[in-house]
Structures are given as C-alpha cells and as structure tokens.
Amino acid sequence: MRLLFTLLLITISSFTLAEEEKVELPPVDPAYNAEHAMVLINQNSSVFAVNLPGYELPHDVQVVYKVDVSDVPFLDLVRDAELITIKPQPFNIQRLIRGEEVTIIADVYDGDYRQGGNKLYTNKSIVLSKQLYARELTDLSEPSQWQEYDMITLNNDGRIYIHKITKAPSFNHLIFVDLKNACLQKIRTSKLVPPDSELNYKFVNCGTFKPLYYNADDFKK
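My numbering puts the first residue of the sequence shown at 84, with every later residue one more than the last.
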C-alpha cells in the first residue's frame with residue numbers, strides 16, 4: 084500500500100510539472116519587431132552582443148547577451164577589430180528582455196554599418212544564448228555629472244560596468260574590469276557627457292581594465 088501511495092504521488096508530481104512546463108509566456112509586442120543594431124565585444128574567449136539603444140520604441144532597451152561562438156576565425160575577428168557591428172534581420176527584442184535564447188541572422192561589419200562600415204559576413208547565424216543584462220529605458224533620470232553604472236558579473240573578479248543611460252544628453256559606455264580593489268558604481272565627471280578617456284580613467288584604480296564601447300552621438304536629444 085505504501086509503495087502504491089508513493090507511485091501515486093510521483094505520478095501526480097510528474098503530471099503537475101508537465102502542466103507547468105506547458106505554461107506559455109504572454110505574446111511579445113509586435114511593435115518591438117525591428118532591425119536592432121548591435122555591437123560585438125569580447126573578453127578573452129567570450130563574445131557578447133550589446134544592442135545599440137535609442138530613446139524611442141522599438142529601440143528603448145539596453146541588453147547585453149553572451150554569444151555562442153565555436154567559429155575560431157570569427158572569435159579572432161571580434162577580438163582583433165576596433166569595432167564590429169551587426170545588422171540583424173528584423174526580430175522582436177522583447178524576447179531578449181525576457182531572457183530567451185534567440186538565434187538571429189545578421190550581416191557583420193567592420194566598423195559601424197550605419198556609417199558605412201565594411202561588410203565582412205552576409206546572413207551569418209548568431210546565437211544569443213544567455214542574458215547578462217536587460218533594462219528598459221523608461222522613467223529615465225535627468226542628466227547629471229554623477230554617472231551611475233550597473234555591474235555585470237562574469238567570473239570571480241571579472242566585471243562589465245555599463246552606464247545607465249539618462250535623459251538626453253547622455254551616452255552609452257561599457258568597460259571591462261578585472262577587479263583588484265573596490266570599484267564605485269557612481270562617479271562624478273567634469274560634464275554631463277564626458278569623453279570616454281575621462282570615464283576610463285575613473286576605473287583605473289579598480290584593477291586592469293579594457294574599454295569595450297562608447298557612444299554619445301545617439302543620445303544628444
């Protein structure tokens with residue numbers, strides 16, 4: 084009898100789990116289906132995709148994703164180039180906001196494709212496998228000389244610091260730091276939109292650092 088009862092509990096539990104697995108997420112908003120420009124950055128053997136956000140829908144989000152890379156020449160390309168951007172075929176970026184694994188098809192460019200970059204790959208399949216950061220650009224704070232950063236933990240000491248974009252004027256800035264000391268996530272700068280050299284210098288006492296991306300042109304207004 085005890086064995087029968089145990090088997091019954093296992094059957095009920097399995098049925099409940101199966102039912103829970105069938106629960107579907109609500110549909111994404113089709114307004115977020117668009118061409119979402121991205122930049123590819125790397126640290127050692129890891130590649131990350133960072134969308135190039137804006138203030139208006141459908142680009143009013145910040146996401147950072149780990150990219151599955153088994154193609155060594157492609158890894159070397161991202162590692163050695165000054166700037167690699169990708170022009171994906173339209174997809175719904177809300178899928179990234181809620182943490183899905185998404186495979187996109189994209190053209191890959193040396194330089195910013197929006198400013199005449201050189202195409203290196205056509206229709207390359209890129210797997211965005213793991214969400215590392217997601218933020219919707221709503222209820223933004225006023226611009227200030229006090230700059231706030233969110234922190235993405237990669238490993239024991241490795242961190243990516245990403246600037247929290249404010250209302251215009253603002254900027255997009257990411258920097259990798261191999262921490263040796265405590266690092267502030269709120270820093271004061273000489274102006275509302277400082278140059279990247281000033282921002283990078285603010286992290287010099289945190290440990291070994293590597294600038295990953297900086298752009299202020301898209302956030303002037």
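Beta carbons are placed, not taken as given, at the ideal position from N, Cα and C, and that holds for glycine.
- Comparing alpha carbon positions, the residue from Pro-141, Ala-120, Asn-125, Leu-267 closest to Val-111 is Pro-141.
- With a contact defined as Cβ atoms closer than 8 Å, Val-185 and Val-152 miss out at about 15 Å.
- Beta-bridge partners assigned by DSSP to Pro-294: Ile-258.
- Annotation note: the stretch 105 to 158 contains the following uninterrupted beta strand (DSSP E) runs of length 3 or greater, listed N- to C-terminal: 121 to 126, 129 to 134, 144 to 151.
- A straight line joining the alpha-carbon of Ser-128 with that of Leu-158 spans about 7 Å.
- In this structure, the straight-line span from the alpha carbon of Ala-217 to that of Leu-262 is close to 23 Å.
- Secondary structure at Phe-286: coil, using DSSP grouped into helix, strand and coil.
- Note on geometry: alpha-carbon atoms of Cys-289 and Val-260 lie some 7 Å from one another.
- Between the beta-carbon of Lys-213 and that of Tyr-148 there is about 7 Å, and that keeps the pair under the 8 Å contact cut.
- Here the stretch 194 to 213 does not lie against the stretch 236 to 246, with fewer than 3 beta-carbon pairs under 8 Å apart.
- Taking the Cα positions, Thr-221 is about 21 Å away from Phe-174.
- Under DSSP, Phe-174 takes part in a beta bridge, and its partners are Ala-117.
- In the structure shown, Glu-225 falls within a coil segment according to DSSP collapsed to helix, strand and coil.
- Contact annotation: Lys-250 and Glu-281 have beta-carbon atoms that are not nearer than 7 Å.
- A direct Cα-Cα distance of roughly 29 Å separates Leu-166 from Ala-114.
- Taking every protein chain shown into account, the CB of Met-121 has 16 or more other CB atoms within 10 angstroms, so this residue is buried.
- A straight line joining the alpha-carbon of Thr-236 with that of Ile-245 spans about 11 Å.
- Pairing Lys-247 with Asp-154, the inter-Cα distance amounts to about 32 Å.
- In this structure, Ile-258 places its C-beta atom within 7 Å of the C-beta atom of Phe-292.
- Residues Ala-120 of the same chain have their beta carbon placed closer than 7 Å to that of Arg-197, with the five preceding and five following residues left out of the count.
- Apart from sequence neighbours up to five positions away, the residues of its chain that approach Glu-231 with a beta-carbon distance below 6 Å are Lys-247, Lys-269, ordered along the chain.
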